[in-house]
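Inspection log for the structure reproduced underneath, given as structure tokens.
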Amino acid sequence: MSPLPPLDEVLHAKILGYVTEPKACVSCQSWKQYLYDALKLEPRIRFMQRVKEDGSVTFCYNAVRPLGEDFEESVGYTFNFFSDGIYRLAWTRTYDAWSSQGEQHYGKWAVDMDHVCCETLEPKVQEILNAKGGYFQAKDGSRAAEWELPARTGKIDSGDSVWTAGMWAPLESEVSQVQAPQAPQVLSSMRADARYVDIDGEMHEVSGDIVANWPEDQWPRLMRCRLRFGIRG
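Just so we're aligned, residue 210 is where the sequence shown starts under the working numbering, counting upward by one.
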């Protein structure tokens with residue numbers, strides 16, 4: 210049998226009407242099977258039935274990819290497809306224990322052959338205005354909170370991670386319980402043992418673990434990689 214020409218919407222609707230008519234399907238089983246295979250009707254029917262019965266379908270995807278010799282990228286996606294044609298997506302992207310990104314998407318979905326096509330839409334402004342959220346800004350130069358690593362990675366800090374203070378740090382002690390008189394903030398000088406490399410015309414301090422474990426000719430490559438992904442320390 211020669212391949213069928215592309216079907217327009219009108220002809221497509223007529224053929225589907227013929228196939229879904231029980232009496233007509235019995236008259237030509239091979240034609241029915243060909244249409245089911247060519248138009249991917251079986252997975253489409255299963256998916257639509259599942260959404261209708263359960264009200265929604267959840268799809269999760271996770272992957273870990275090496276980005277260099279000393280760290281990995283972890284990604285996670287969670288789709289929720291609802292029966293009203295709306296989907297929500299929450300994704301996260303983590304670079305080992307150093308940094309993390311995440312977003313939420315909102316839009317509409319439709320089945321095309323054996324694929325689910327998603328189109329991102331602007332969420333209702335009212336939903337954003339009604340959201341009860343908060344934002345906390347830690348002090349510059351402060352250590353990461355104890356809950357940050359478990360929240361991002363699900364792992365407890367073993368204590369082996371290397372933390373390198375920034376170039377500048379306030380001289381004022383964070384644990385002081387006595388309120389001292391207000392005075393202009395004084396910043397400490399650069400560390401005497403600091404090492405720097407030129408990255409795209411700008412000088413950057415080399416992380417302590419790189420200085421300790423890698424030859425000097427590798428510092429620019431490693432620091433460029435860390436700066437690219439916003440990794441500090």
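Cβ coordinates follow ideal geometry from the N, Cα and C atoms, glycine included.
query, result
"For Val387, count neighbouring C-beta atoms within 10 Å of its own C-beta (all shown protein chains included) and say buried if the count is 16 or more, exposed if not.", "Residue confidence is low: Val387 scores 43 on pLDDT, short of 50, so the model does not pin down where it sits. Its coordinate-derived value is still stated next. Classification of Val387: exposed, given that the 10 Å Cβ count is below 16."
"On the criterion of 16 or more Cβ atoms from any shown chain inside 10 Å, does Tyr270 qualify as buried, or is it exposed?", "exposed"
"Beta-carbon within less than 6 angstroms of Gln310's beta-carbon, same chain only, minus the 5 sequence neighbours each way: which residues are those?", "Arg302"
"Take the Cβ of Ser239 as the centre, count every other Cβ of all protein chains shown within 10 Å, and call the residue buried at 16 or more, exposed below.", "exposed"
"Pro215 by DSSP, collapsed to three states: which one?", "coil"
"Under 9 angstroms between the Cβ atoms of Thr287 and Phe268?", "yes"
"Short of 8 angstroms in beta carbon distance, which residues of its chain neighbour Ser382, apart from the five on each side in sequence? Order them along the chain.", "Unreliable positioning characterises Ser382 in this predicted model, as indicated by a pLDDT of 42, which lies under 50. The coordinate reading is nonetheless provided below. There are no such residues."
"Can you give me the Cβ contacts of Cys327 inside the same chain, cut-off strictly under 6 angstroms, excluding the 5 residues immediately before and after it?", "Tyr296, Gly316 and Trp318"
"What would DSSP say about Phe256, mapped onto helix, strand or coil?", "helix"
"What residues in its chain sit with their C-beta under 7 angstroms from that of Lys261, if we drop five residues either side in the sequence?", "Ser292"
"Please confirm whether Leu244 and Leu220 have their CB atoms less than 9 angstroms apart.", "no"
"If you run the structure through DSSP and keep just helix, strand and coil, what is Glu383?", "Any reading at Glu383 is ruled out, since the residue's pLDDT is 42, under 50, leaving its predicted position unreliable."
"From the DSSP output, in three-state form, read off Ser416 for me.", "coil"
"Could you have a look at Leu443 and say whether DSSP puts it in helix, strand or coil?", "A query on residue 443 cannot be resolved here, the shown segment of the chain reaching from 210 to 442 and no further."
"Please return the same chain residues whose Cβ sits closer than 6 angstroms to the Cβ of Gly410, not counting the five positions on each side in sequence.", "none"
"Could you tell me which residues DSSP puts in a beta bridge with Gln313?", "Ala299"
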